[in-house]
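Residue numbers (our numbering): 24 to 303.
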């Protein structure tokens, strides 16, 4: 694709391909709009770089497959002006080979200074079965993955089920997560620099922890209005991993005997307040 060229896809039904649109060689695309698209036995829908606007609306992917470029609806990087992704449904087909990076159903990707987006929303989604096989590599498959530089975003009104790593892995600053229901991830949430108050989060049956808090670079406390934890009470509500962050859970609903936190040696300066009481 040429520079500044717009991309519009609507009323499409694609099947049995390893990738939809590969545009990561074009650094400055025009607006990208995908609406009313159904994918069957498909790899990633679009892998791309900079765009002033990305709109994804009413997208379904069934028996979703991975490729060497990831999987899911979108892997985007480099100067995204505005992103709206909504009304999304994805069901993965099978386990992903351990030799490939899996990324996420939506991946705001990249780790450079040009990887920025400060006007983005992901809402009304149902994402299931993003599983990487066990092997030599870390089982890196998330529901939604947000790298640093993608700040001031909103993730709301969604369900995530059965993923290898994090249900939501958010490294963006000043992001808000609310009205999400996550089940069966290693950690249902992984929060890094995200410091804006989060809303209601339902976390069910994580394999390691309900929420991992990592990194110390965020400003202000991580605040969760209501956190509902279900499943084995030995899985901690918060696992601090190399973090000195303050975490506040205003209302915690959890089973009797719930472990509230674990902390490694690098997290001695962290703190946790639950239901108005400082517990760490």
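Don't be surprised by glycine CBs; every beta carbon is placed ideally from N, CA and C.
Nearest residue (CA-CA) to residue i, options the options
i: residue 32; options: 121, 59, 241, 47; result: 59
i: residue 35; options: 57, 28, 51; result: 57
i: residue 140; options: 125, 104, 128, 62; result: 104
i: residue 79; options: 110, 72, 94; result: 110
i: residue 244; options: 199, 277, 232; result: 199
i: residue 257; options: 189, 61, 277; result: 277
i: residue 261; options: 282, 100, 201; result: 282
i: residue 130; options: 45, 94, 148, 182; result: 94
i: residue 216; options: 210, 196, 230; result: 196
i: residue 205; options: 219, 218, 189; result: 189
i: residue 240; options: 219, 101, 123, 268; result: 268
i: residue 144; options: 247, 173, 211; result: 173
i: residue 225; options: 203, 237, 246; result: 203
i: residue 235; options: 266, 186, 153, 135; result: 266
i: residue 84; options: 41, 228, 135; result: 41
i: residue 62; options: 123, 273, 128, 135; result: 128
i: residue 259; options: 135, 233, 270; result: 233
Pairwise C-alpha distance: residue j and residue i
i: residue 221; j: residue 70; result: 29 Å
i: residue 194; j: residue 280; result: 30 Å
i: residue 30; j: residue 118; result: 31 Å
i: residue 302; j: residue 263; result: 13 Å
i: residue 149; j: residue 254; result: 21 Å
i: residue 151; j: residue 201; result: 18 Å
i: residue 180; j: residue 287; result: 32 Å
i: residue 142; j: residue 176; result: 6 Å
i: residue 218; j: residue 183; result: 22 Å
i: residue 113; j: residue 223; result: 23 Å
i: residue 133; j: residue 170; result: 6 Å
i: residue 43; j: residue 97; result: 10 Å
i: residue 247; j: residue 125; result: 29 Å
i: residue 66; j: residue 300; result: 47 Å
i: residue 77; j: residue 106; result: 5 Å
i: residue 68; j: residue 291; result: 43 Å
i: residue 47; j: residue 211; result: 29 Å
i: residue 55; j: residue 289; result: 43 Å
i: residue 91; j: residue 45; result: 12 Å
i: residue 49; j: residue 108; result: 21 Å
Per-residue DSSP class, three states only, for residue i
i: residue 109; result: strand
i: residue 217; result: coil
i: residue 81; result: strand
i: residue 147; result: strand
i: residue 289; result: helix
i: residue 37; result: strand
i: residue 28; result: coil
i: residue 203; result: strand
i: residue 223; result: strand
i: residue 96; result: coil
8 Å CB neighbourhood of residue i in its chain, flanking five on each side removed
i: residue 121; result: 155, 156, 157, 158, 159, 160, 162
i: residue 238; result: 194, 215, 216, 265, 266, 268
Beta-carbon contacts of residue i that lie in its chain and below 7 Å, excluding the five residues immediately before and after
i: residue 64; result: 38, 39, 86, 88, 116
i: residue 28; result: 52, 53
i: residue 100; result: 72, 132, 133, 138
i: residue 81; result: 58, 59, 110
i: residue 102; result: 73, 137, 139
Residue interval of the beta strand (DSSP E) (run including residue i)
i: residue 128; result: 126 to 131
i: residue 302; result: No beta strand (DSSP E) contains residue 302, which DSSP labels as neither H nor E.
i: residue 253; result: 245 to 253
i: residue 180; result: 177 to 186
i: residue 159; result: Counting along the chain, residue 159 falls outside any beta strand (DSSP E), and DSSP gives it neither H nor E.
i: residue 283; result: Residue 283 -> no beta strand (DSSP E), and no H or E assigned at all.
i: residue 52; result: First-last for residue 52: undefined, no H or E at that position.
i: residue 71; result: 69 to 71
Neighbourhood of residue i by C-beta, 6 Å cutoff - its chain only, sequence neighbours within 5 removed
i: residue 275; result: 250, 297, 298
i: residue 192; result: 165, 168, 213
i: residue 230; result: 209
i: residue 187; result: 154, 155, 162, 164
i: residue 285; result: 259, 262
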